[in-house]
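**Student:** Yeah, the sequence shown ends on 588 if you go by full-length UniProt numbering, and it's all consecutive.
Could you have a look at this structure, given as structure tokens, before my questions?
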Amino acid sequence: MNREEDRIKLIQQMCDDDREEEVVRMIDDLPDEERTYKIVGLQARTLSNLAGMIRSGYTESELNPDDLDRRALSILADTAEEGKDDPNWWCRNGYTRMGLNMEAEAIPFFEHVMTLIPDDPETQEFWSDVPEAIENCKKTVEFLEHPTLREPPYIKKRSVMIAVSRVDDFTADMQAFRNRMGDIAGLESLEFEDVSQNTETNTIEHVHGQFCGEPFDMEIDRLEAFNASGMFISSYFNKQDLELIGQERPGYGIDIRFGTANPLAWLHLQLKIATALVPKLLAIYDLSSQQALSESYVVSTARSSSGPHASFAYSIASESNEQGSDTWLYTNGLARFGLPDIEIMHSDANHSACHRKLIEAVASYMLWHQAPETRQTMRPDVPFAIMTGNVPLYIRLLPWNEAIKDGQKDKATPGSIRTRLKKMNANSCVIFAYENEDAMAADAYQPLWMKDDFLTNDRADDLRLLHCEEERKFAHDYSNEYFWLPEHVAKRTPEKVWFKFDLTNDEGEVETVWTRLISYTDRHNFEVEIDDTPLALPYEQGDRLRFVDEHDVKLISWMVETEQSNINPGNIYILDAEPSIKRELGIE
């Protein structure tokens, strides 16, 4: 074995050990006479591989992957004469261009590879990645030129949750589970099929039937190990449970195709099924919405007569450029209800709070209404928000491929067409805005960022969002269901309790106000102090309102102050996670 062959063997071994940066430096240090065609060809390959490792996050490095690929192309260009009949040279040119998002230029390099290799089956099999690369490049070029909606991934078409037990070696009692399923209201004509003997899949049970008059279809899967890394933690976990959810643990998958009516009832059903399957829960990992739900939240909500709040049906993800000046906000979880996911493009740190509140309002509206316009292109004829200065905000939802059809194709900036090659390329809509009612009538919409002056984070508290009647009724029912807590505290320490009301002025305008409790006899007899001056009501901050034998109080919500956390109907489950709060409030 000569010196060149020894060095090639060393390079291969170093790359196998993920030491690509060392390989590049080692070859750089070689004298010119030892930088042979084969050696510098391997350096070009190593540079390109290192670029891919950095982009994927496999390797942490301060090196710029685009610079590495451009250097690889420079090396290949310098050896063009020697490489003109070498399929490796042509192949490296193709893959390096793919790394630089130059798919159209990569195609002829890959195609030429196939003209240089023998056509015997063994050789063709060795180079089989090349035809696949050609096909991928062609699909990418076609998508970038003509972006179209793609078929949604499995976890967007169905609702997939992983229920993880506190018990390390937990095995579900399937017969007991079937019995508990029969007790869930709304489920009818259930048929169970045990498929646990099929070793080719993780599925152990198929369940079919009816739920509230719609077909019910569910699979139960046994997972030996599940890693929840990357999940958004959307509900409260105590310190001990936070440590546990960071570990790889076994669990059971609950895979359901939701019906089209009453989305939140289907979500409520899935949480009930999770508690029936895994009685001693640690957490639910909702893969469809990419969020982790704590045991205390899941159990409390499953038992609730009101069900889950709309905000737990989805999560809001964000991606920013390196400078943090361009942020893409988008939801995960709405597609399983037959709704489009919602996006806001070109947000930033100064507007993200308002933008998130707007996404929440739009998502809530769609979940409550389920009308045909909410499933496709929504154009509600009411303002979705009243901004600073009493300026109304009318919105328009535009399918993503229409919203960004004229956008950049060569760069993977947040939400760009190129970004859509891997995500958010199915049924997803971007929020646009109308300048005024006349523009809305003419369907003359504009980018949301043109309203940025009204949507800065320092004005987030002034943003009054649309709350539909269904949402108000839910809030009212939710507050009443758990009213025992503020009533209990009000009789001991009323100053710790806050009430949120809908009050009406002489013109019939309704405004929601927060008030602090001053004294309390019962829910029909109490006194409160207004916390902030209302905009449309004849009251000022500090004014007191006394209710005597009042049976028509429009209580929207309440809040109880504690040393650790403020408790409201939406997070009352925290009491089960933190016994110290119960003790502070005198709850046994």
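Don't be surprised by glycine CBs; every beta carbon is placed ideally from N, CA and C.
By the DSSP assignment, the alpha helix (DSSP H) with residue 414 in it spans what residues?
**Tutor:** Premise fails: residue 414 is in no alpha helix (DSSP H) and is neither H nor E.
**Student:** Considering only their Cβ atoms, is the gap separating residue 180 from residue 282 smaller than 7 angstroms?
**Tutor:** Contact: no.
**Student:** Sort 143, 38, 104 and 489 by Cα distance to residue 12 and report the nearest one.
**Tutor:** Residue 12 has its Cα closest to that of 38, out of 143, 38, 104 and 489.
**Student:** Assuming contact is defined by CB atoms lying nearer than 7 angstroms, are residue 451 and residue 433 in contact in what I supplied?
**Tutor:** Contact: yes.
**Student:** Extract the residue ranges of the beta strand (DSSP E) inside the region 285-363, only unbroken runs of 3 or more that lie entirely within it.
**Tutor:** DSSP runs (the beta strand (DSSP E)) wholly in the region 285-363: 291-294, 315-320, 327-332 and 341-347.
**Student:** Going by C-alpha distance, which of 552, 581 and 527 is nearest residue 546?
**Tutor:** If we check each option's Cα against that of residue 546, 527 comes out closest.
**Student:** Can the beta-carbon of residue 465 be found less than 7 angstroms from the beta-carbon of residue 363?
**Tutor:** No.
**Student:** Roughly how many angstroms lie between the CA atoms of residue 153 and residue 443, to the nearest whole one?
**Tutor:** Their Cα atoms are separated by approximately 32 angstroms.
**Student:** Rounded to whole angstroms, what's the CA-CA distance from residue 330 to residue 150? Just pull it up for me.
**Tutor:** Each residue's alpha carbon lies about 17 angstroms from the other.
**Student:** Run through DSSP, which three-state label would residue 479 get?
**Tutor:** DSSP places residue 479 in helix when its eight states are reduced to three.
**Student:** Taking the alpha carbon of residue 285 as the reference point, which residue from 256, 73, 324 and 245 has its own alpha carbon closest?
**Tutor:** Ranking 256, 73, 324 and 245 by Cα distance to residue 285 puts 245 first.
**Student:** Hey, is the region 498-508 in contact with the region 533-552, meaning 3+ C-beta pairs nearer than 8 angstroms?
**Tutor:** At 8 angstroms Cβ cutoff, the stretches touch.
**Student:** Name the two residues that bound the continuous beta strand (DSSP E) containing residue 511.
**Tutor:** Residue 511 -> beta strand (DSSP E) spans 510-522.
**Student:** Report the option in 463, 343 and 289 whose CA atom is closest to the CA atom of residue 354.
**Tutor:** Here the closest residue by C-alpha is 463.
**Student:** Under DSSP, the alpha helix (DSSP H) around residue 579 begins and ends at which residues?
**Tutor:** Residue 579 -> alpha helix (DSSP H) spans 579-585.
**Student:** By how many angstroms is the C-alpha of residue 234 removed from the C-alpha of residue 563?
**Tutor:** Spanning the two alpha carbons is a distance of roughly 21 angstroms.
**Student:** Beta-carbon within less than 8 angstroms of residue 372's beta-carbon, same chain only, minus the 5 sequence neighbours each way: which residues are those?
**Tutor:** Any reading at residue 372 is ruled out, since the residue's pLDDT is 45, under 50, leaving its predicted position unreliable.
**Student:** Taking all protein chains shown into account, decide if residue 158 is buried (16 or more other Cβ within 10 angstroms of its Cβ) or exposed.
**Tutor:** Under this definition residue 158 is a buried residue.
**Student:** Name the two residues that bound the continuous beta strand (DSSP E) containing residue 547.
**Tutor:** Taken as a continuous stretch (DSSP letters only), the beta strand (DSSP E) holding residue 547 covers 544-547.
**Student:** When the Cα of residue 262 is compared with those of 368, 555, 52 and 186, which residue comes out closest?
**Tutor:** Nearest C-alpha to residue 262: 368.
**Student:** Could you check how far apart the C-beta atoms of residue 313 and residue 277 are, in whole angstroms? I think they sit under 8 angstroms.
**Tutor:** Actually they do not touch by this definition, with Cβ atoms about 20 angstroms apart.
**Student:** Less than 7 angstroms between the beta carbons of residue 445 and residue 569, yes or no?
**Tutor:** For residue 445 and residue 569, no; Cβs fall outside 7 angstroms.
**Student:** With three or more beta-carbon pairs closer than 8 angstroms as the criterion, would you say the region 298-308 touches the region 237-254?
**Tutor:** No contact exists between the region 298-308 and the region 237-254.
**Student:** What number of angstroms, rounded off, separates the C-alpha of residue 332 from the C-alpha of residue 427?
**Tutor:** Approximately 11 angstroms between the Cα atoms of the pair.
**Student:** Could you check if residue 583 is buried or exposed, using at least 16 other CB atoms within 10 Å of its CB as the buried criterion?
**Tutor:** It is exposed - the Cβ of residue 583 has fewer than 16 other Cβ atoms within 10 Å.
**Student:** From what residue to what residue does the alpha helix (DSSP H) around residue 610 run?
**Tutor:** Limits of the chain in this structure are 1 at one end and 588 at the other, which puts residue 610 out of reach.
**Student:** So the beta strand (DSSP E) residue 219 belongs to, where does it begin and stop?
**Tutor:** Where residue 219 is concerned, the enclosing beta strand (DSSP E) stretches over 214-226.
**Student:** State the beta-bridge partners of residue 566 as determined by DSSP.
**Tutor:** Its beta-bridge partners do not exist; DSSP assigns none.
**Student:** For residue 518, collect the residues of the same chain with a Cβ closer than 7 angstroms to its Cβ; drop the 5 residues on either side in sequence, then sort them by chain order.
**Tutor:** Within the same chain, residue 518 has close Cβ partners 494, 527, 528, 529 and 544.
**Student:** Should residue 365 go down as buried or exposed, given a rule of 16 or more other Cβ atoms within 10 Å for buried?
**Tutor:** The residue is buried, with at least 16 neighbouring Cβ atoms inside 10 Å.
**Student:** Using a threshold of 7 angstroms, state whether the C-beta atoms of residue 232 and residue 315 are closer than that.
**Tutor:** It is a contact, given that the beta carbons lie within the stated cut-off.
**Student:** If residue 334 and residue 344 are in contact, beta carbons under 8 angstroms, what's the gap, nearest whole angstrom?
**Tutor:** With 8 angstroms as the limit, residue 334 and residue 344 do not qualify as a contact, their Cβ atoms being about 14 angstroms apart.
**Student:** Apart from the five residues just before and just after residue 593, which ones in its own chain have a Cβ nearer than 8 angstroms to its Cβ?
**Tutor:** In the structure displayed, the chain extends from 1 to 588; residue 593 sits before or after that span and is not available.
**Student:** Can you give me the C-alpha to C-alpha distance between residue 553 and residue 469, rounded to a whole angstrom?
**Tutor:** Distance between the alpha carbons of residue 553 and residue 469 is about 16 angstroms.
**Student:** Closer than 7 angstroms by C-beta to residue 75: which residues in its own chain qualify, once you throw out the five before and the five after it? Chain order, please.
**Tutor:** Around residue 75: 40, 43 and 44.
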